[in-house]
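So the sequences go chain by chain: A, B and C.
FYI, the numbering for the first sequence is 302 to 411, going by our numbering.
FYI, the numbering for the second sequence is 123 to 235, going by our numbering.
FYI, the numbering for the third sequence is 25 to 273, going by our numbering.
To keep things clear, I will list the structure first and then write my remarks on it.
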Amino acid sequence: MLTLRLFMLQRLTALIMAPLVLGHLALMVYAIRGGLSTGAILARTQGSLPWALFYGTFVVAVSIHAAIGVRVIIGETLKTRGAVLNLLSLVFCGLLLFAGLRAVISVTMP
Amino acid sequence: MIRPHRNHPLWLAYILHRLSGLALAIFLPAHFYVLSLALTAPKDLDGFLHWADMPSVKAAEFGLVFLLAVHFFGGLRLMAFELLAWTKDQKTWAAASVAFAFMIAGGFLLRAI
Amino acid sequence: MTPMGDKRLSSDTNTLSVSVWRGDGAGGKFEIFQVPSQESQTILDVVVWIQQKIDASLAYRYACRVGMCGSCAMMVNGQPRWTCRTHVQKVARDNRLEIAPLRNLPVIKDLATDMDPFFEKWVRAESVFHPTGTRDDEIVRVDPTEPRRVEADAAIECINCAVCYAACDTVQANPDYLGPAALNRAWTLINDVKDGGRASILEAVSQEGGCHNCHAQGSCAKFCPNELSPITSIAGLKRETVKSFFGGR
C-alpha cells in the first residue's frame, strides 16, 4: 500500500533525520553525565531558537516518517485498506505532530 | 521458532528494522508527553528524571538507544542498497549495522552508569 | 523378497514418513504416507511414488523433471523448492518430510496451485514486451556487453516457477503486491533497448502494490533455483522510479 509518493516521503524524511538522529544521540551521551534534571535541560534550551528549529524539524520529519511506517505495519498485519488505513495514518501523524511540537515548545519557550 | 523460509540474515535484518521502528513509534508519544511536563508540571518532570536514575531504567534507556541505532543504521543500509545498487555484501552490512548500533548504545550506557 | 520383488528395495532399511497436504481451496489437512527411502531420491520421486503406489488421487504437477521448467515447485519442510532438484537426503530430518502446495497461491487440489494470480500480476506490472519495430525494420543490434543489457541478462532467466512468490512474506501480507517475479521481469524490460514501454512500466510499478512495497527481506533471492536476484532488480526499479520522481526521463 505504498505508492511512489509515500515511499519518497519516507525516504526523504529519513535522510533529513539522519544528521538530526546523530546529533540527538551525541547530545544525549553528553547531557546525561552527572545525572539529568529539569533545571539543567531548561537552562540550555529555554528561549533558544536553534534548539527549537533543530527539534522542531525533527518532530515534523519523524511524525511523517513514523506514520508511514506504522501505516505499512497496520496494512500488512491487520490487512486494513483504503479510507480506514488513510485515516489511521493521518491520525497517528497528527498525534505525533501535536505531542512533539508541544514538547518542543515546552522546553524552548522563553 | 522462526519459520524455515525466514532463517536467513536479510530477513532477520528486515524484522529487526520493523520491530525497532514499531517500538520507537510506540515510545515517541510517551517521550513527548514527558518532555512537555517541563511546561505544565516541572516538579513532576524532575521527579521523573530522578526516578529514571534507577539502573533498571538506565537499562531500558540502553535498549531504546540500541533500537534507535539499529533502526538508523539499518535504514541507511537499506537506502544504500536501493540507491547504490550493492548486492552481495548485504549480509555483511546488515551485521555491521547491528554492531555499530551496539557500539553507540554501549557508549550511551557507559556514560550513564 | 519384498512385495515388489525389487532388489533395490530389499537392501533398504529406511522408510520415510512423508506428511503431504491434501485438500483444495476450501481447506484440507496433512496426510502421512510411509515411503521407502532410496539413494539419490528426490522429493518429486517421493510424490510420484505415493501417487503411483499408494494413493492415485494425489494431485500434483511436474513436467521436465530435470530442473528446467519449474512446474514441480512445492513447499518442502516449509521452504519453496523445485521438488525434482531437491534431494531427500539434503532436507529430510529424522527421515521425515513435509510437502505442501506453494504458498501465497490458491490451491486447486492437493499440491497443485492456481497460477493465474501470479500471471495476472505479471501483466499488471506491465512486464510484457512493448514492441517498437515491425518485421520490415532492421534487426536491432543489442551489444551484450552494454551495461543495461548486462543488467537485463542478469535477471532474464526467470522461468515463472513462483518459488520467489511463495517465499516472499510481503506477497503474503499484501494481496496487492505484484511480487518479485513480475517486478524482476519489469526490470529486464526497463533495460531492454527494444522495449518502448518504459513510461508505462514505471507507472505500473509505482502504484499501490508496486515495487515500493518491497521490504528487502531477500527470501526471493535466497530461494530462486536459477540464482536470480529479484531483490536487486526491485532495487533497480526503485532507483529508476526515484529518478523519474525528480524529473528524469
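Glycine residues also receive a C-beta, built at the ideal position from the N, C-alpha and C atoms.
Between the segment 309 to 317 of chain A and the segment 347 to 364 of chain A there are three or more inter-stretch CB-CB distances shorter than 8 Å, so the stretches are counted as touching. The continuous beta strand (DSSP E) containing C/E122 extends over residues R120 to A124. The bridge partners DSSP lists for C/E55 are C/V44.
Our two residues, C/A87 and C/Q58, have alpha carbons roughly 24 Å apart in a direct line.
For B/L132, the nearest CB of chain C lies under 7 Å from its own CB, placing it at the interface with that chain. Ranking B/F188, B/A202, B/A221 and B/A145 by CA distance to the CA of A/L326 puts B/F188 first.
Sorting C/R159, C/T256 and C/W73 by C-alpha distance to the C-alpha of C/T39 places C/W73 at the top. Short of 6 Å from the beta carbon of C/F247, and not among the five residues preceding or following it, lie these beta carbons of its own chain, in chain order: P104, V187 and A191.
The residue from B/L134, B/G143 and B/P126 with its alpha-carbon nearest to that of A/V373 is B/G143.
Just measuring C-alpha positions, the residue of A/R306, A/I369 and A/T381 sitting nearest C/A197 is A/T381. The beta-carbon of B/L146 is placed no less than 7 Å from the nearest beta-carbon of chain C. 7 Å or more divides the Cβ of C/G242 from the Cβ of B/L138. Within chain A, the C-beta atoms nearer than 9 Å to that of C/Q231 come from T304 and L305, in chain order. Chain B places a beta carbon closer than 7 Å to that of C/N101, counting this residue as a contact. Residue burial is scored here from C-beta neighbours: A/V385 has fewer than 16 other C-beta atoms within 10 angstroms and is therefore classed as exposed. Cα atoms of A/F355 and C/H154: separation of roughly 49 Å, rounded to the nearest angstrom.
Look at the segment 333 to 369 of chain A and you find these whole runs of alpha helix (DSSP H), each 4 residues long or longer: 339 to 346.
The beta carbon of C/A149 sits no closer than 7 Å to any beta carbon of chain A.
Counting only unbroken stretches of 4 or more residues, the alpha helix (DSSP H) elements lying wholly within the segment 96 to 162 of chain C are 112 to 115 and 140 to 148, in sequence order. The C-beta of B/S158 comes closer than 7 Å to at least one C-beta of chain A. With respect to the C-alpha of C/G102, the residue from C/V44, C/R172, C/K267 and C/M92 having the closest C-alpha is C/V44.
A straight-line Cα-Cα distance of about 5 Å links C/V112 and C/T66. Following the DSSP letters along the chain, one finds C/A50 in no alpha helix (DSSP H), marked with neither H nor E.
At a cut-off of 7 Å between C-beta atoms, A/A344 does not count as an interface residue with respect to chain B. Counting only the Cα atoms, B/E204 lies some 23 Å from B/L146. For a Cβ distance threshold of 8 Å, residue set V266 and F269 of chain C lies close to A/M309, ordered along the chain.
Annotation for A/R403: the continuous alpha helix (DSSP H) segment containing it runs G383 to T409.
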